[in-house]
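Encoded as structure tokens, the structure appears first; notes follow it.
Protein chains in written order, with the numbering used here: chain A, 363 to 833; chain B, 363 to 833.
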């Protein structure tokens, strides 16, 4: 994201400079402001639009875009001041960005991209159609183009793709004074904002880092080698999820990125990491529910494409469950009460399985669950399942017994529930564990599989027991 | 979190300085290292323990604690070097921290806390038992005690509680040179690390901020008033979720915290925010699944206490669903096939409802869903439900028709599925929307309610239609 934001217009400022309140108490755009923009867009009143938009923070413009229809976005883009457009592009949802980019003339775009740090520029260029991409790159100065092209050379979601190439490096033999003087001279070529100075050896390999607040504190003659602390150098090919984990675990503000030779090639800063963390968490929540990625700009059919496959799988597994019930049709014909009660057994099982699943997926994501404690975690969940069962089964057993005036029926459902809760614990823990051992995302479709299993065994155990005990 | 970490020992360093590899490729502790620690703890071999631990990063020590049993933690704590213990405390899970704190003598603790920034110290003290808290505070120097006590005076999870009181402020009339000289003199009283200098007016109200990398770039005689940019001042009583949203939206690295009079009282830094974001996301995932907060150190009964209430509610709602089925007992007696097929209708409905729910909860969390687009979002989900239904219902209709040689039965289940998918979309969107309108957490127990509703209506619609059409 553009570092220029790191000190950003307070909403208060906007409120003063505008005849309206753009942001509510909760820092979200107010409905009334969005309406004002929509009206202005409908009237094609460019001047009013510009008046409404020019004082907005790029993040708020990006937000606004999300609330507009595609038609309105088209109008708004025309009237965005160029430099505001530039800062807004990296903040947009991918879907919306692709749409907006198609509407921006490639020369305007080439202009805009030069304003951005290399990581942000690359993030934008990667969303361009091939032909447009060529035009835009062709229209950019050699240096900027090279930076963007090489960063697009790294795999998507890798440190190399995310890093910004502008970085403040200092040779090992410099002291505080040398460094400050260098910064004053080189100002322009340095990153817009930086937080650590990386100390490099003659081969340009980072050997340490100095937080600039420490640099400021030290007398001019202090050698950097005295101030520097060890740094976590990140390889260009490390995946963004990994990067996010390292930043969070060690509370990093920035980290140097090194090539295969260990040479300094760029840096990652925490503000970019925050967005990655949100993205990864969003994926986890949606995947658990069986939703492939979609954003607020996705159309109905796009969304269906992402969801219907999981529902289809669920349909198939549900038919398997139905098969189990069909197998016991004879039993049900004699005791219809079983048809009434069986969904209870499967429902509780599914719910308990989902609980175990969510906890396990989360623990895997935070590395709290590894081979060191997998077995202990599994047994703990089994115990939890057992205790849950011992708490709940008397209730349902009693209820069923009273309802149908049949104590044996009550005993059957109580037993079935305990057993199915053990199934739930097993599948809830083992499914994500297995997926991650196989290097798959443990969240993907786990929920569908877990509930399918608890349904299947819920019916099997309950109807099976009933057949044995009651007939 | 302790800022000392922001340049932290690279795992590489640890690997060299130790005769073992503590961290794996993925930056998580290796099982073999954890075993080594467990063995040393079992043998009560303090020297070996210290050897294993002393070069670990505090975050890794905290991680290690999570993998150990309570007994082993007790031994490890005894042998942690005091300053490492101090830096580790803020990194521990709450549950584990409380346990560890009971084992640390209050004088050692008072010593340790003085090493920490006020926010970290307060986070630790808040977990102490009242009597221990008094002892520890009494053993601390006046200044530190006052800082901790006043920060504990703010509500939990508020900016005031999270902020660190050490902050670098400069009067409006200073220039770059004055500021740098001040930092060199005052070094000790300033935060360990800081990223922005807050420019304050004579009433100590922040009027702007200067990123220190900008300060470094500018000539000594440049007045701060020329360099400063607007800042997002955050009120002491703002909730942490709000704070996280502001930091993420505006890509902030740090922000000044102000009291009700708008006076500068402290600062928040992004590394703390990263942990809050993870915490909030963790809560969302777990609450969606009906799990009240629990961590890896929680015992079986603690976990059950957090989960069994949701299962109990689910049990109750499942009984309601059973009531619906019981109402149609007569129909089922005549057509047992209905008992076989009805779980399919409810399962798909529950799954689709969960999809809509997850998307809505997420959109609310990121403020992508507000009153400006609630209606549009709702209709989009209804359309998605309809299209999903039109895709899936022919499949199940055909399957059921063939299976039971009854085309009318196939038509009934196909129709029921479409209708239940519309129910799923409705409840999946409206449940979280309503909860958040009522200022509740939209994630809490939503899933239980959504699946309960889709079960209920799934049975009602399917069996109702069957009774009308097939009898």
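Think of the CB as a built atom: it goes at the ideal place given N, C-alpha and C, for glycine as much as any other residue. The structure presented is a predicted model; accordingly, all values stated were derived computationally and were not measured.
Check, Outcome
"Secondary structure of residue 405/A, DSSP reduced to three states", "coil"
"Three-pair Cβ contact test at 8 Å for the segment 680–693 of chain A versus the segment 741–757 of chain A", "no"
"In DSSP terms, what residue 437/B is bridged to", "Its beta-bridge partners do not exist; DSSP assigns none."
"Per-residue burial, residue 445/A [other beta carbons within 10 Å of its own, 16 or more giving buried]", "exposed"
"Test: residue 607/A CB closer than 8 Å to a CB of chain B", "yes"
"Buried/exposed call for residue 480/A, threshold 16 Cβ in 10 Å", "buried"
"Cβ contact check for the segment 532–549 of chain A and the segment 632–650 of chain A: 3 or more pairs under 8 Å", "no"
"Straight-line Cα distance separating residue 391/A from residue 818/B", "38 Å"
"Coarse secondary structure for residue 531/B, derived from DSSP in three states", "strand"
"CB contact check: residue 695/B to chain A, cutoff 8 Å", "yes"
"Complete runs of the alpha helix (DSSP H) confined to the segment 469–518 of chain A [at least 4 residues]", "480–487, 492–500 and 504–514"
"Any chain A beta carbon closer than 8 Å to residue 652/B", "yes"
"In DSSP terms, what residue 571/B is bridged to", "560/B and 591/B"
"Same chain only: Cβ atoms within 6 Å of residue 804/B, ignoring 5 sequence neighbours per side", "723, 726, 794, 797 and 798"
"Neighbour list for residue 398/A in chain B, Cβ cutoff strictly below 9 Å", "Those do not exist, as residue 398/A stays about 11 Å from chain B at its closest Cβ, beyond 9 Å."
"Beta carbon of residue 546/A nearer than 8 Å to that of residue 579/B", "yes"
"C-alpha distance - residue 590/A paired with residue 507/B, whole-angstrom precision", "32 Å"
"Chain B contact for residue 750/A (CB, 8 Å cutoff)", "yes"
"beta-carbon residue 684/B near the ligand ZN non-hydrogen atom, thresh 7 Å", "The model depicted lacks the ligand ZN and carries no ligand whatsoever."
"Three-state secondary structure (DSSP) of residue 833/B", "coil"
"Residue 672/A: contacting residues in chain B (beta-carbon distance under 8 Å)", "713 and 717"
"Exposed unless 16 or more other CB atoms sit within 10 angstroms - verdict on residue 769/A", "exposed"
"Environment of residue 443/A [buried if 16+ CB atoms lie within 10 Å]", "exposed"
"Straight-line Cα distance separating residue 712/A from residue 721/A", "14 Å"
"Where residue 389/B meets chain A, residues with beta-carbon distance less than 8 Å", "604, 607, 608, 611 and 729"
"CB contact below 8 Å: residue 440/B versus chain A", "no"
"Residues of its chain near residue 658/A, where Cβ-Cβ distance is below 7 Å and the 5 sequence neighbours each way are ignored", "428 and 455"
"Under 8 Å between C-beta atoms of residue 503/A and residue 453/A", "no"
"CB contact flag (residue 602/A, residue 524/A, <8 Å)", "yes"
"Neighbourhood of residue 780/B by C-beta, 8 Å cutoff - its chain only, sequence neighbours within 5 removed", "748, 751, 752 and 755"
"Sequence-distant residues of its chain with Cβ nearer than 6 Å to residue 707/A (five each side left out)", "778, 779, 782, 820 and 824"
"Cutoff 8 Å: residue 459/A Cβ touching any chain B Cβ", "no"
"Which listed residue (699/B, 746/B and 574/B) has its alpha carbon closest to that of residue 774/B", "699/B"
"Beta-ladder partner(s) of residue 597/A, from DSSP", "620/A"
"Buried versus exposed, by CB contacts within 10 Å (16 or more), residue 660/B", "buried"
"Stretch pair the segment 554–574 of chain B + the segment 602–612 of chain B: three plus CB contacts closer than 8 Å", "no"
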